[in-house]
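Engineer:
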Amino acid sequence: MIEHLERPDGLGPTNGYSHAVIGEGRLVAISGQLPVDREGALVDASDALVQARQVFTNLGRALSAAGAEPRDLLRLTYFLTDLADIGEVRTARDEFLAAVSRPASSLVQVAGLVLPGARVEIDALAMIESR
């Protein structure tokens with residue numbers, strides 16, 4: 021069971037995330053996902069939206085491997101090399117999450133990522149039912 025507290029009393033408005041999320045079950049930690057294809061090749065370094073969509077595709081694959089879905093997400097942490105890319109990342113996020121409740125989130129600007137040319141990396145925590 022997951023409960024999303026999008027805007028608790030006294031906290032400011034959000035843009036696609038919840039201020040707090042409560043979960044009960046088995047914790048699933050997803051390592052930072054990079055904008056790479058199945059072979060590990062970087063996708064279009066010139067297009068933040070293409071990269072963000074690939075990161076969410078990879079995140080979805082990792083969730084699925086753990087028996088989880090986007091609706092099971094508790095938290096996303098975004099690492100961007102350029103904060104100007106936030107609009108494209110939000111577009112990809114909204115496509116990925118569609119009609120599910122928004123997880124808690126943090127955004128960090130970084131000087132670079134482990135893969136040269138990568139503009140975005142996202143890690144996640146999810147909660148699935150106990151067995």
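Be aware that the sequence shown starts at 21, since it is given in the numbering used here, and climbs by one per residue. By construction, the Cβ of each residue, glycine as well, lies at the ideal position given by its N, Cα and C atoms.
Applying the criterion that 16 or more other CB atoms from any shown protein chain within 10 Å of the CB defines a buried residue, is ALA112 buried or exposed?
Structural biologist: So ALA112 counts as buried.
Engineer: Helix, strand or coil: which one does DSSP assign to ASP67?
Structural biologist: Residue state, collapsed to three classes: coil.
Engineer: Just to check my reading of the structure: ARG73 and THR101 have Cβ atoms closer than 8 angstroms, yes? What is that Cβ distance to the nearest angstrom?
Structural biologist: With a Cβ gap of about 17 angstroms, ARG73 and THR101 do not count as contacting.
Engineer: Provide the residue(s) that pair with LEU96 in DSSP beta bridges, ordered along the chain.
Structural biologist: Answer is SER125 and ALA144.
Engineer: What would DSSP say about ARG46, mapped onto helix, strand or coil?
Structural biologist: Note: ARG46 maps to strand in three-state DSSP.
Engineer: Less than 8 angstroms between the CB atoms is what I'm expecting for ARG122 and GLY36, so what's the real figure, rounded?
Structural biologist: About 5 angstroms separates the two Cβ atoms, so the contact holds.
Engineer: Applying the 10 Å Cβ sphere with the 16-neighbour rule, what's the burial state of VAL128?
Structural biologist: VAL128 is exposed by the Cβ-count criterion.
Engineer: Rounded to whole angstroms, how far is the Cβ of LEU62 from the Cβ of LEU135, which I believe are closer than 8 angstroms?
Structural biologist: With a Cβ gap of about 6 angstroms, LEU62 and LEU135 count as contacting.
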